[in-house]
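Colleague: When you line the sequence shown up against the numbering used here, it's residues -11 to 387, in that order.
The beta-carbon is built from N, C-alpha and C at its ideal position, and this holds for glycine as well.
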Amino acid sequence: MQKNKTIGSMLIVAGTTIGAGMLALPIASAGLGFTTALLLILATWALMTYTALLMLELHQYANKEATLNTLAKRILGKKGQYVANFSMVFLFYALCAAYIAGGGAQLQEKLTALTSMDIAPQAGSVLLAIMVATIVTLGTSTVDKLNRVLFTIKILVLASLFFVLTPYVRGQHLLDMPVEQGLIISALPVIFTSFGFHGSIPSIVKYVGLDIRTLRKVMIVGASLPLVIYIGWQLLSQGVMAQSALLNSEGLPGFVASISSIAHSPQVSTFVTLFADLALATSFLGVSLGLFDFFADAFKKRNTVSERVITALITFLPPLGFALFYPQGFIMALGYAAIALVVLAIFLPVTMVWQQRKTQQTNGYQVVGGNLGLVCAGLCGMLIISAQCLQMLGVIPPL
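As structure tokens, then:
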């Protein structure tokens, strides 16, 4: 049973991480060259895995049902709790609204094609929100089971894509040097957000229990699965197309059209579309599960059917409302996603561990690297925020 939960938790971490944003990686890294893009991806993976392990160092001294709300209040006081709650709610509501709007539009198109009925665009968003809310309300075990099925299909689709495109990979494309060093700064926020899964860590701790050895395995393996897939995807995308072609591909639709043309296969477009749908579904499940458990802890909701329904309404109604009535709001919020994720996944774990190590004299689990590791992680967070701010100010062009 425990082994089953461990595998399922690894897949929840990987499924939350590998969202539809993975498809933006080739566009984000266009002009960097394969080697530079690979180094950035590896560095980001190391940073995010390190801060995930910091979260485990914090959880070992708390109740297994504790979320960021409880941890921040206990270690940093009321002000720290407010910062943690704002960053969590801001980021996760924006993400959920994006998933509801994007996934709802895709669902509406498929239902219209399937039924030959004129279905309103809003109906797809409402139906998707109800479906995901129902699954999350049923509990982490239900999310785990569904996520396994979706993740398996996602890997099969990705393997099919690799099979079709691998013959067209050219070694000379992978040896291209960066077109412009400044593009590294532009790519940082996109690559960083491609490794975001930290909001679901408390849900996994609650599901697996406070077995630090098992949880370490979950975090390291769960984060490494996306790393392997991202590297494979970079090999394909940057190996099939020259940097100049990637830079001129005019976003994701242009990129998909280009690789379909190179492979002489319309199936590529089908595989990419299906992968994007599955990636959105697994990421939405992981994000909304983390937000659901966060609100259950913040509002002290018990594990009864009626109180779980109330928690689901708090979790899903606001992002559904934004997606339906004020789409500009969540689109604007997503522009700050990297900054909110830095606060959530780097600054808060680093600050809380720093504080806890000063006050908690114990022989418990401690992440390697000492205080120097915490300082380095904090500096990396500041670099990512600086890159995002430079883009927002127009100093460097957005991707």
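Distance, Cα to Cα, residue 6 vs residue -9?
Modeller: When rounded, the distance between both Cα atoms is 23 Å.
Colleague: If you draw a straight line from the C-alpha of residue 318 to the C-alpha of residue 87, how long is it?
Modeller: 11 Å
Colleague: Taking 6 Å as the limit between beta carbons, can you name the residues of its chain near residue 102, skipping five residues before and five after?
Modeller: Excluding positions up to five away in sequence, the list is empty.
Colleague: Is it right to say residue 105 is buried, meaning 16 or more other beta carbons lie within 10 angstroms of its own, or is it exposed?
Modeller: exposed
Colleague: Who are the Cβ neighbours of residue 195 in its own chain at under 7 Å, not counting the five residues just before and after it?
Modeller: -7, -3 and 128
Colleague: Could you compute how far the alpha carbon of residue 151 sits from the alpha carbon of residue 283?
Modeller: 43 Å
Colleague: How about residue 362 and residue 266: are their beta carbons less than 8 Å apart?
Modeller: For residue 362 and residue 266, no; Cβs fall outside 8 Å.
Colleague: Please check the pair residue 179 and residue 13, which I expect to be a contact at CB under 8 Å, by giving their CB distance rounded to whole angstroms.
Modeller: 7 Å
Colleague: Whole angstroms is fine: what's the gap from residue 70's alpha carbon to residue 285's?
Modeller: 14 Å
Colleague: Relative to the C-alpha of residue 259, which candidate in 23, 153 and 133 has its C-alpha closest?
Modeller: 153
Colleague: With DSSP run on the structure shown, which of helix, strand or coil describes residue 136?
Modeller: helix
Colleague: Could you have a look at residue 372 and say whether DSSP puts it in helix, strand or coil?
Modeller: helix
Colleague: When the Cα atoms are used, what is the spatial distance from residue 66 to residue 186?
Modeller: When rounded, the distance between both Cα atoms is 21 Å.
Colleague: Put residue 290 into one of helix, strand or coil per three-state DSSP.
Modeller: coil
Colleague: What did DSSP end up calling residue 254 once you bin it into helix, strand or coil?
Modeller: coil
Colleague: Could you tell me which whole alpha helix (DSSP H) segments of length 4 or greater appear in the region 118 to 206?
Modeller: 128 to 153, 159 to 162, 171 to 181 and 189 to 196
Colleague: Based on Cα-Cα distance, which residue from 381, 43 and 26 lies nearest to residue 208?
Modeller: 43
Colleague: Cα separation between residue 248 and residue 202?
Modeller: Their backbone Cα atoms lie some 42 Å apart in a straight line.
Colleague: Out of curiosity, what's the CA-to-CA distance linking residue 99 and residue 220?
Modeller: Between residue 99 and residue 220, the C-alpha separation is close to 33 Å.
Colleague: With a threshold of 8 Å, are at least 3 pairs of Cβ atoms found where one atom belongs to the region 326 to 335 and the other to the region 358 to 378?
Modeller: At 8 Å Cβ cutoff, the stretches touch.
Colleague: Between the alpha carbons of residue 9 and residue 84, how many angstroms are there, rounded?
Modeller: 14 Å
Colleague: Give the range of the alpha helix (DSSP H) segment to which residue 229 is assigned.
Modeller: No alpha helix (DSSP H) holds residue 229; DSSP gives it neither H nor E.
Colleague: Considering only the alpha carbon of each residue, which of 211, 243, 117 and 213 lies closest to residue 225?
Modeller: 243
Colleague: According to DSSP, simplified to helix, strand and coil, what is residue 113?
Modeller: helix
Colleague: To which residues of the same chain is residue 295 closer than 7 Å at the C-beta, ignoring the five residues directly before and after it?
Modeller: Result list for residue 295: 289, in chain order.
Colleague: When you compare each of 51, 39 and 213 to residue -1 by their alpha carbons, which one comes out closest?
Modeller: 213
Colleague: Give me the Cα-Cα distance between residue 109 and residue 78, rounded to the nearest whole angstrom.
Modeller: 25 Å
Colleague: With distances taken between CB atoms, is the gap from residue 372 to residue 177 smaller than 8 Å?
Modeller: yes
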